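Protein chains in written order, with our numbering: chain A, 6 to 273; chain B, 2 to 262; chain C, 189 to 519.
Cβ atoms here follow ideal geometry from the backbone N, Cα and C, with glycine treated the same way.
What you are looking at is a predicted structure, and each value in this text was computed from that prediction instead of being measured.
What follows is a short report on a single structure.
This is the structure in structure tokens:
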């Protein structure tokens, strides 16, 4: 196995074991997921009280959409940005600078490893929830397109992580970027399709959003699963995701280079 | 009590000086705050493009609830959110040891030492949101009721502080858990919408047990002169109860503290 | 004299989860784990009079810092009694907290982004120090520690030695009667270490403050402490004076002398056990009670250029105590 892959595999493996160690963390995470679904359910129950559907979504379709988004979220939401924030603030960042490894790659590999357990449980829990709520959904799943959908979810992970990491890198200039990260989550949650299907927005606004990275995090991957389009449509989404990842990668590295010049390595 | 108040004001002065050492924070926080508020206005506009009321609450009323929610969040962000978020890590690395030896309220020192005055610019954004809400309501606010509503909102911080304190105290029993902060964040989301959307058991839980639905709703109801006397009395009762329960829980948690290094 | 600190049968236990090695162990651990306990402090007893300067010595994990944290109220003891200044530390009464101070070499109370002076002002408010006393103590302490010029510099820009001096000032502004120092000289250069030692010695003598110091540096203990308490694996192994450690545990001294000319080693061995010889310099071991007599005889017999009497290395003695686990009380 090439040395580089071996290196990052070890990091991911350690992350995986760490993820298993913090079991309470994991069970509390389930409470967080449940709260999210519950708030959305109440909100949209109130919305659909006065009308049967919005576009081609009724209440049942909307909840199915949210459950699918939750599955994608269990893969996408890791803590890279908070780790970056803490490391810069505490000065622990210095420990990584002296090692023969890319700091960001290290963080991503480690968090991916930690996230495997959570993701497996997430898929299990929400998969069962969908089975109980809309069992016919499994009959129409685009099984042949599964590898492309999985690729899209992996891309969505990188888009989301790079976006929030770029916010976390503001820690080079801020007292602490934690709260700013949460604000960004809130913004992302609206425009990525996490809180509301993008189709609920006016068409013109949907068009503008398609030029931002946000809908490529949850909305388009969810659409690939729920309303499988043509192969051309899927490749268009995958292509757009790859371009976004490339642009974000360039931005992160630029921020990193500029931030490193300011970094004073003080802390405990 | 007076001593703790003096220490509190000293912490304010102290943290203002820290903020001034990081001028970029003021600008970046303002920009993100504007984006955050605008995003949620868009979200509410999108919902109300499709419905006339949300659980019987109009768009203007929903926006007013949102304004009180943001005012509430601004103040908690300035005075104590950061400290709560960092508490778990500081507790596990033993960095709260020094605070525990000081002759002042341990909860205040623990949860209010890191204030963020760089978020103060966000209040200007919230004031603009209030203006937008009243414009949508097509009414001029009754200043006395608005001030009363703001007063209720300030007292509601005791509830939120108590809830966060209880969550933070769980750290004394749990091993490393980063997710508590995320759960705390999720809990605040309960309060941003009209509480009328919560039905049956959820309404009882979020009004009386974990009264997060009333943090922004009750001040808005007061400002709109639709709050009942009963709800205000219950609010004060819940505030006092939660404060006492969280204080006792904190004391219990401290006996389990094992420090580090 | 009534003790200012009294500890009886003090115990502190920690719990932890046993982790099985490997990936399968980690997966099993998700569902079931064995809870184990470790006794960090095992029923220790000691008392300290006002004004004493006590050194706590022990290897890493011995229980020194845990004991200190129980004395300062940070940790709640599992069982036993503690009284400091007539208070139970874990009750954390403000009247108690205003009379003591804790300084930890590996953790700081000063704020990184502001000058030390700002942290002093914060402590002034917390400890309710009157303006006059604050000014008097600040002037005196900053003069003694020679740090006056650095009080308005951001703490993150100070060197470790300067930071430690500021930590000490922050801890002493309210004139505490009891001072707990946990490895205050750790990581400091020789000059800074000496400066802090001299300061602590002077502070103890002039103010009569009771000081408990934990340190791995025997120089700290030797130069500062009236009494040494040795702790290992949570148990108290020795409690007595520094000198008594030598007389009790070391029955010999080392004589190192340089002669004008080289002598046959057999001649030297008449006086003691020859440990080493380098050119004209000889090192011998002599029984403690015969040191003066042997020194006199060597000076009479040979043409001596230089002679030094060494005590046995204290680290060696303490290491031996850890291995034999001998308990002794020399109060």
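Chain B has no Cβ within less than 7 Å of the Cβ of residue 21/A. At least 7 Å separates the beta-carbon of residue 412/C from that of residue 433/C. Taking CB atoms only, residue 66/A has no neighbour in chain B less than 7 Å away. Around the C-beta of residue 141/B, fewer than 16 other C-beta atoms lie within 10 Å, and the residue is accordingly described as exposed. With fewer than 16 other Cβ atoms from the protein chains shown falling within 10 Å of its own Cβ, residue 10/B counts as exposed. At least one CB of chain B lies nearer than 7 Å to the CB of residue 206/A. The shortest C-alpha to C-alpha distance from residue 161/B to any of 89/B, 207/B, 261/B and 125/B is the one to 207/B. The C-alpha of residue 111/B lies about 30 Å from the C-alpha of residue 148/B. Excluding five sequence positions before and after residue 410/C, the CB atoms of its chain that fall closer than 8 Å to its own CB belong to 430 and 502, given in chain order. Counting every other CB atom within 10 Å of its CB across the protein chains shown gives residue 498/C a total below 16, marking it as exposed. Counting of Cβ neighbours within 10 angstroms places residue 152/A among the exposed residues, the total staying below 16. Apart from sequence neighbours up to five positions away, the residues of its chain that approach residue 150/B with a beta-carbon distance below 6 Å are 220, 223 and 224, ordered along the chain. With at least 16 other beta carbons inside 10 angstroms of its own, residue 193/A counts as buried.
Excluding five sequence positions before and after residue 328/C, none of the CB atoms of its chain fall closer than 8 Å to its own CB.
Across the set 313/C, 448/C and 272/C, the C-alpha of 448/C shows the shortest separation from the C-alpha of residue 467/C.
Of all C-beta pairs linking the segment 19-34 of chain B to the segment 180-197 of chain B, fewer than three are shorter than 8 Å, placing the two stretches out of contact. For residue 212/B, no beta strand (DSSP E) encloses it, and the DSSP letter there is neither H nor E. One finds nothing in chain A with a Cβ atom closer than 7 Å to the Cβ of residue 192/B; even the nearest lies about 10 Å away. For residue 54/B, the C-beta contacts it makes with chain A under 8 Å involve 55, in order along the chain. Secondary structure note for residue 241/C: it is in no alpha helix (DSSP H), and the uninterrupted beta strand (DSSP E) holding it is 241-245.
Between residue 290/C and residue 241/C, the CB-CB gap reaches or exceeds 7 Å.
The straight-line gap separating the alpha-carbon atoms of residue 145/B and residue 226/B is approximately 11 Å. In the structure shown, residue 344/C adopts helical secondary structure according to DSSP, grouped into three states.
Unbroken alpha helix (DSSP H) runs of no fewer than 4 residues, entirely contained in the segment 140-170 of chain A, are not found.
In the DSSP annotation of this structure, the continuous segment of the alpha helix (DSSP H) that includes residue 247/B starts and ends at 230-255.
When DSSP states are grouped into helix, strand and coil, residue 222/C belongs to the strand group. Chain-ordered, the chain A residues with CB closer than 8 Å to the CB of residue 203/B read 43 and 47.
For residue 89/A, no CB of chain B lies under 7 Å from its own CB, so it is not counted at the interface with that chain. By the criterion of a C-beta distance shorter than 6 Å, residue 250/B is surrounded in its chain by 167 and 170, once the five residues flanking it on both sides are discounted. Shortest Cα-Cα distance from residue 415/C to any of 421/C, 426/C and 422/C involves 426/C. Fully enclosed alpha helix (DSSP H) runs of no fewer than 4 residues occupy 183-196 and 208-214 of the segment 180-216 of chain A, in order along the chain.
Rounded to the nearest whole angstrom, the CA to CA distance from residue 217/A to residue 198/B is 31 Å.
Runs of the alpha helix (DSSP H) lying entirely within the segment 56-119 of chain A and spanning at least 4 residues, in chain order: 64-81, 85-95 and 98-102. Three or more beta-carbon pairs separated by less than 8 Å link the segment 195-207 of chain C to the segment 227-244 of chain C, which places the two stretches in contact. For the pair residue 165/A and residue 222/A, the CB atoms are nearer than the 7 Å cut-off.
Relative to residue 204/C, the option among 194/C, 221/C, 191/C and 189/C whose CA is nearest is 221/C.
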